[in-house]
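Quick mapping for you: the protein sequence lines, in order, are chains A and B.
In terms of numbering that gives the first Met the number 0, the first sequence opens at residue 0 and continues consecutively.
In terms of numbering that gives the first Met the number 0, the second sequence opens at residue 0 and continues consecutively.
Glycine residues also receive a C-beta, built at the ideal position from the N, C-alpha and C atoms.
None of these values were measured; they are calculated from a predicted model.
Below is one structure, written out as structure tokens; comments come after it.
There are 2 protein chains.
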Amino acid sequence: MKLPVSTEWLLHCASTLAQLDPGATASAAQLADYYDLPAPYLAKQLQALVRAGVLAATTGPRGGFRLGRPPGEVTLLQIVEAVDGAASPYECREIRMRGRGALPEEDCQETCVLAAKMYEAHEAWRRSLAGVTLADILAGLPDTIPARTRSIIAGTPRAPR
Amino acid sequence: MKLPVSTEWLLHCASTLAQLDPGATASAAQLADYYDLPAPYLAKQLQALVRAGVLAATTGPRGGFRLGRPPGEVTLLQIVEAVDGAASPYECREIRMRGRGALPEEDCQETCVLAAKMYEAHEAWRRSLAGVTLADILAGLPDTIPARTRSIIAGTPRAPR
Numbered sequence: 000m001k002l003p004v005s006t007e008w009l010l011h012c013a014s015t016l017a018q019l020d021p022g023a024t025a026s027a028a029q030l031a032d033y034y035d036l037p038a039p040y041l042a043k044q045l046q047a048l049v050r051a052g053v054l055a056a057t058t059g060p061r062g063g064f065r066l067g068r069p070p071g072e073v074t075l076l077q078i079v080e081a082v083d084g085a086a087s088p089y090e091c092r093e094i095r096m097r098g099r100g101a102l103p104e105e106d107c108q109e110t111c112v113l114a115a116k117m118y119e120a121h122e123a124w125r126r127s128l129a130g131v132t133l134a135d136i137l138a139g140l141p142d143t144i145p146a147r148t149r150s151i152i153a154g155t156p157r158a159p160r
Numbered sequence: 000m001k002l003p004v005s006t007e008w009l010l011h012c013a014s015t016l017a018q019l020d021p022g023a024t025a026s027a028a029q030l031a032d033y034y035d036l037p038a039p040y041l042a043k044q045l046q047a048l049v050r051a052g053v054l055a056a057t058t059g060p061r062g063g064f065r066l067g068r069p070p071g072e073v074t075l076l077q078i079v080e081a082v083d084g085a086a087s088p089y090e091c092r093e094i095r096m097r098g099r100g101a102l103p104e105e106d107c108q109e110t111c112v113l114a115a116k117m118y119e120a121h122e123a124w125r126r127s128l129a130g131v132t133l134a135d136i137l138a139g140l141p142d143t144i145p146a147r148t149r150s151i152i153a154g155t156p157r158a159p160r
């Protein structure tokens, strides 16, 4: 059970964008430089966050990415599920209806009790991540960090390397 | 984020073994027939449950697998982690220390706040599964099921097909 490596990238990039001045943007190249990431692949992943409404993208010479909602309205769950989807890691293939022990279909109208417990655990994971916003993350950073972040982004060329 | 397909197999096989009479066993071939699963691969996976102490294996012509502990002491978490390991699905590669925005090492003595929240969610998932035992699962089955299970296992050849 593994999340994609890019999950870490996007959690950090979204946190970085949450530290910019209102209306300011950072390009994929700037974010890639900030964390030493492969810019083309990062750009593709950032578009997934745009599709999820977590980020907004603007075009043009000053274009780039910014949060699509206030930091208090972006949860870690939204970011993680934009990267990896919302499917449960447990897949029930209904083996209870197969083989010599197969239960008749009429006894399988309800979700298998084992699958139900696995889905409950996934919901506990989702609830945990849905309870943390980017505003919570920013509140946990040392006071000096946001100004440092803005200064580094501003000092990085906006165009691809 | 996906659990192996065999997670479903082993949750069901352990539940099946929990329904046998005390001391009774079922062979890998019997369990494979019960759920129409590939016997050699299932046997390998059952050994992982033996290593985790969830099952015990006996050899000889009447040999096979039985629970290694009472059903009330086997949790779904133990079964799932015997199959897939206990690692968090989120891997922190410390990108906060890389690139133009790299934080100095002395500012990274504590776990990254984003990683910490991801680990908390994994712990919520683990707690949920650690709270469900095979005894709980059996308690949710219709009363007629355990006798049916025992009868089907008893009517299946013990040796490989």
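When rounded, the separation of the alpha-carbon atoms in B/C91 and B/A81 is 23 Å. Contact annotation, A/Q18 with A/R149: C-beta distance approximately 6 Å; criterion of less than 8 Å satisfied. B/T155 is classed as buried because its beta carbon has at least 16 other beta carbons within 10 Å across all chains shown. A Cβ-Cβ separation of about 5 Å places B/L2 in contact with A/M0 under the 8 Å criterion. 8 Å or more divides the Cβ of A/Y34 from the Cβ of B/I151.
It is roughly 16 Å from the alpha-carbon of A/Y89 to the alpha-carbon of B/A86. DSSP places B/L102 in the coil class of the three-state scheme, outside both helix and strand. Here B/A13 is buried, its C-beta having at least 16 other C-beta atoms within 10 Å. When Cβ-Cβ separations below 8 Å define contact, B/A120 makes contact with chain A.
Per the C-alpha coordinates, the member of A/K43, A/G84 and A/P141 positioned closest to B/D106 is A/P141. Residue-level contact by beta carbon holds for B/Y34 and chain A, with a gap shorter than 8 Å.
Secondary-structure assignment with DSSP links A/L41 through no beta bridge to anything.
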